[in-house]
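Sequential numbering from 18 applies to the sequence shown in this note's numbering. Where a beta carbon is used, it is the ideal one built from N, C-alpha and C, also for glycine. Accompanying notes for the structure given below.
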Amino acid sequence: MLENLSGCSGVIAGTELYTIDLLKKLKKLKVISRLGVGIDNLPIDYINENGIKIYRSSKYLSESVAELTIGLIFNLLKKITFLNNKLKRGVWEKDYGNLLSGKTVGIVGMGNIGKKLAKMLKGFEIRLLANDLNPDVKYLKNLNAEFVSFDYLLRESDVVSIHLSLNEKTKNLFTYNEFKKMKKNSILINVSRGEIVNENDLVRSLNNKIINGAGVDVYTNEPYDGPLVNCENIIMTPHIASYSRESRLEMEIEAVKNILRGLDIEE
Numbered sequence: 018m019l020e021n022l023s024g025c026s027g028v029i030a031g032t033e034l035y036t037i038d039l040l041k042k043l044k045k046l047k048v049i050s051r052l053g054v055g056i057d058n059l060p061i062d063y064i065n066e067n068g069i070k071i072y073r074s075s076k077y078l079s080e081s082v083a084e085l086t087i088g089l090i091f092n093l094l095k096k097i098t099f100l101n102n103k104l105k106r107g108v109w110e111k112d113y114g115n116l117l118s119g120k121t122v123g124i125v126g127m128g129n130i131g132k133k134l135a136k137m138l139k140g141f142e143i144r145l146l147a148n149d150l151n152p153d154v155k156y157l158k159n160l161n162a163e164f165v166s167f168d169y170l171l172r173e174s175d176v177v178s179i180h181l182s183l184n185e186k187t188k189n190l191f192t193y194n195e196f197k198k199m200k201k202n203s204i205l206i207n208v209s210r211g212e213i214v215n216e217n218d219l220v221r222s223l224n225n226k227i228i229n230g231a232g233v234d235v236y237t238n239e240p241y242d243g244p245l246v247n248c249e250n251i252i253m254t255p256h257i258a259s260y261s262r263e264s265r266l267e268m269e270i271e272a273v274k275n276i277l278r279g280l281d282i283e284e
């Protein structure tokens, strides 16, 4: 990174780590344009103190992430990947799946992505629970969603979907204790940040059938090759929630425009 960025005034940043030590050596850097929403890979205090401008994606990420979330939910409920793998091994074995209709879905984190997911789920006959530090009560009311405590959401939900940014309060928010509060037939979806879920506790919970399954797109260390890959009741994707061609193109255009704006260059 130092070799490639040493002469740059602006950078389009992914999820790679920008340390203070690195930034101190990038004397010309004036703008960081984040291709995405999360900024937990950036030392924000140092950046603000040194007058470096930060921009991040605003519009185009939510729909793509919400759609992957719904895909993972249906994949797990209908056992699509599991049955596909068996069939390709020559095993013709029918197995019952579950309906989404009639279930309770709990969304932890009602930012742009959580709101988009809630809106997409409105067409299904579900009970919708939401938990957030600063709930948009009017938005939740329009969707007939219930704002509830974190513990209540865990106890009542058939599907728990995480849409939080990573910080000291959310790191390891989901541990074995939280999984024990969930229904035994429930599923967990994490498309936010890997560090929010204690991966060793998730492995233990899946293997011991504390919860029924999980859909995971993000990991503490990426590329991921840890023990989750050996769990039979998990669907895993390689951090591709924003990788929809349409969304990605718009995000990349926006990221370039943000650099130009930050450097006071006309488009």
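| Asked | Found |
| --- | --- |
| Close beta carbons around SER259, own chain, < 6 Å, minus the five adjacent residues each side | LEU78, SER81 |
| Per-residue DSSP class, three states only, for VAL54 | coil |
| Segment limits, beta strand (DSSP E) that includes MET268 | Here MET268 belongs to no beta strand (DSSP E); instead the alpha helix (DSSP H) covers 262–279. |
| Nearest-angstrom Cα separation, counted from ILE282 out to ASN115 | 54 Å |
| Terminal residues of the beta strand (DSSP E) in which ALA135 lies | Per DSSP, ALA135 belongs to no beta strand (DSSP E); it is in the alpha helix (DSSP H), 129–138. |
| C-beta contact flag for GLY55 and SER182 at 7 Å | yes |
| Span separating the alpha-carbon of LEU44 from that of SER23 | Just to set this straight, residue 44 is Lys in the shown sequence, not Leu. Approximately 8 Å, taken between the alpha carbons. |
| Residues near GLU212 in its chain [Cβ-Cβ closer than 6 Å; skip 5 each side] | LEU183, LYS188, THR237 |
| Element boundaries [alpha helix (DSSP H), containing LYS70] | Not the alpha helix (DSSP H): LYS70 falls in the beta strand (DSSP E), residues 70–73. |
| ILE97 in three-state terms, based on DSSP | helix |
| Counterpart residues of THR121 in DSSP-defined beta bridges | ARG144 |
| Spatial neighbours of ALA30 in its chain, beta-carbon cut-off 6 Å, leaving aside the 5 residues before and after | ILE49, ARG51 |
| Helix, strand or coil at SER222 [DSSP, three-state] | helix |
| Exposed unless 16 or more other CB atoms sit within 10 angstroms - verdict on ARG106 | exposed |
| For SER222, the nearest candidate out of ASN207, VAL235, TYR193 (CA to CA) | TYR193 |
| Limits of the beta strand (DSSP E) - the one that ILE64 falls within | It is not in any beta strand (DSSP E) - ILE64 instead sits in the alpha helix (DSSP H) that spans 61–66. |
| Limits of the beta strand (DSSP E) - the one that ASN21 falls within | From DSSP, ASN21 is part of no beta strand (DSSP E) but of the alpha helix (DSSP H) over 19–22. |
| Cα-Cα separation between LEU117 and LEU94, rounded to whole angstroms | 7 Å |
| Candidates ASN101, THR32, VAL233, ASN202, of which the one nearest ARG73 by Cα | THR32 |
| The region 162–178 in contact with the region 119–133 per 3-pair CB rule at 8 Å | yes |
| Short Cβ contact (7 Å threshold) for ILE257 with ASN229 | no |
| Inter-residue CB distance, LEU89 and GLY232 (contact presumed, cutoff 8 Å) | 3 Å |
| Separation of GLY279 from MET127, as counted between CA atoms | 29 Å |
| PRO152 to LEU160 span [Cα, whole Å] | 13 Å |
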